[in-house]
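According to the working numbering, the sequence shown is numbered sequentially starting from 22.
The beta carbon of each residue, even a glycine, is placed where N, CA and C say it ideally should be.
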Amino acid sequence: MKVELLAPAGNYEKLKTALYFGADAVYVGGKNFSLRSFADNFTAEELSSAVSLARSQGKKVYATANIFAKNADFSALSEYLIYLQSIGADAAIISDPGVIYLAKKVAPKLELHLSTQANTTNRYAVKFWQEQGVSRIVLARELSIKEISEIHDFVPEMELEAFVHGAMCISYSGRCLLSDYLDGRSSNRGACVQSCRWRYEVRALNATNGKSEWLPIEEDERGTFIFNSKDLNMLARLEKLEKAGVNSFKIEGRMKSGYYLATVINAYKRALQGEDFAVSEAELLNVAHRDYTEAYALGKNSETVNYSDSQSKGEYTYIADVKGNENGYIYAQMRNRFKKGDLLEVLSPSENFGKTFVAEEIYDSNGERTEDCKLVCETYKIACPYALSEGDYLRRKN
């Protein structure tokens, strides 16, 4: 089996971006039962269209139903699972044993993938879930490559999916209660407010005078964000993960922008195709990210905490979405201000990737020549030496 590159899609437009930039499969959420309830997510009609679009390209769609369900959820869950089977979704991503039981009853032809939320960390758990009819395990992020290999050797028939890029949770996969305790929004019901990213202080009581005061928590003078994890980046470990038995490389980020997805998917796809690794490695610095970590790939790691709240903004500014081309011009919908004379670079899955040109001849939507593109979402006509395609992006080096 060819290793699958699996990408997130928070809405239909992002799904199209993920497929265009080379994802072999996408994972999406409906309007309910998803652990990213703050994403746009998909209506029933959009889910059906998503499956049809992916299938036309020989690609797959997996739909999330990975909340920890309560009794009141099961009637609607039953309808949802039946619907996913009817539209030909390639799998449902599930974490709750009760939902797995229900799915086997009401949608027996629907493949089941066990969410990372189920916190699968050992080979016996994988064997157990195989016996329950699960066809793929989304492994807990806490596993090393060695442990993954041991799981594969023990249950070689089970498909294994591993996260390779994106935001990390500071707690064990599927075991965070912090958001619920502090804000009343359960991460296990799709409403996580990322309270682990907040700034924390400790209150100390002076035993002498009985007064208390707030004190900053510091770690080597780097800050106070003690629960704030670094971002995962396993680009350099893809070959070892494949040899360990991983069938699917998963990118995190249903809340991320289309531009972010395009950049990250493009980098991983080109690396998997054997293109220049240094180029892909550099690409991952071009979007906003926290310090990167390989987490637990090689075993225990005490350096996964990002003590600063700051994120790198990336090496480039996202300028515009390409909407088409005609007779030596492109049509680009502006996202960040640019001007005549700016050197623009192309982000594309095609051979135009990385090519640059100077924006010299620019027209606004009224056909008037302009030198300052400052209207957000205005579509500008720009002279361009390359026949760019709808779905490409323009960016500018910072």
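- T314 counts as buried, since at least 16 other C-beta atoms from the protein chains shown sit within 10 angstroms of its C-beta.
- Nearest neighbour of F374 by Cα position, chosen from Y384, Y414, L396, turns out to be Y414.
- In this structure I103 is exposed. Its beta-carbon is surrounded by fewer than 16 other beta-carbon atoms within 10 angstroms.
- Non-local beta-carbon contacts of A44 in its own chain, meaning distances under 6 Å to residues more than five positions away in sequence, involve L26, A28, I286 in chain order.
- In the DSSP annotation of this structure, the continuous segment of the beta strand (DSSP E) that includes E25 starts and ends at 25-29.
- Counting of Cβ neighbours within 10 angstroms places N419 among the exposed residues, the total staying below 16.
- Here Q78 carries a coil assignment [DSSP, helix/strand/coil].
- The beta carbon of A90 is closer than 7 Å to those of L98, D117, G119, V120 in its chain, skipping five residues each way along the sequence.
- A buried status is given to R416, since no fewer than 16 other beta-carbon atoms sit within 10 Å of its beta-carbon.
- DSSP places N92 within a helical segment (H, G or I) once states are collapsed to three.
- Taking the C-beta atoms as reference points, I272 is found nearer than 8 Å to G187.
- Under DSSP, G205 shares a beta bridge with no residue.
- Counting every other CB atom within 10 Å of its CB across the protein chains shown gives V379 a total below 16, marking it as exposed.
- In the same chain as A404, and ignoring 5 residues on each side of it, the C-beta atoms closer than 7 Å to its own belong to G349, Y350, E381, E382, in chain order.
- Three or more beta-carbon pairs drawn from the stretch 132-146 and the stretch 171-183 are found closer than 8 Å, and the two stretches are therefore classed as touching.
- E399 and Y352 have their C-alpha atoms roughly 10 Å apart.
- About 6 Å separates the beta carbons of D111 and V82, which is inside the 8 Å limit, making them a contact pair.
- Proximity to T284 across K126, F270, S301 peaks at S301, based on C-alpha coordinates.
- For R358, the three-state secondary structure derived from DSSP is coil.
- The alpha-carbon separation between A86 and G320 amounts to approximately 31 Å.
- With contacts defined as CB atoms closer than 8 Å, V367 and G335 fail to qualify as a contacting pair.
- Per the coordinates, the alpha-carbon of L203 lies some 22 Å from the alpha-carbon of F54.
- Closest by C-alpha distance to F270, out of M276, N254, S77, is N254.
- Secondary-structure assignment with DSSP links R157 through a beta bridge to H134, E180.
- Boundaries of the alpha helix (DSSP H) harbouring G119: 118-127, taken from the DSSP string.
- Within the DSSP secondary-structure output, I351 pairs in a beta bridge with N346, I403.
- The C-beta of R76 has fewer than 16 other C-beta atoms within 10 Å across all chains shown, which makes the residue exposed.
- Shown here, T64 sits in coil according to DSSP, grouped into three states, outside any helix or strand.
- Counting along the chain, the unbroken alpha helix (DSSP H) around K148 starts and ends at 144-152.
- In the three-state DSSP reduction, G335 falls in the coil class, being neither helix nor strand.
- Secondary structure of T325 (DSSP, three-state): coil.
- Per the DSSP secondary-structure output, V49 pairs in a beta bridge with A84.
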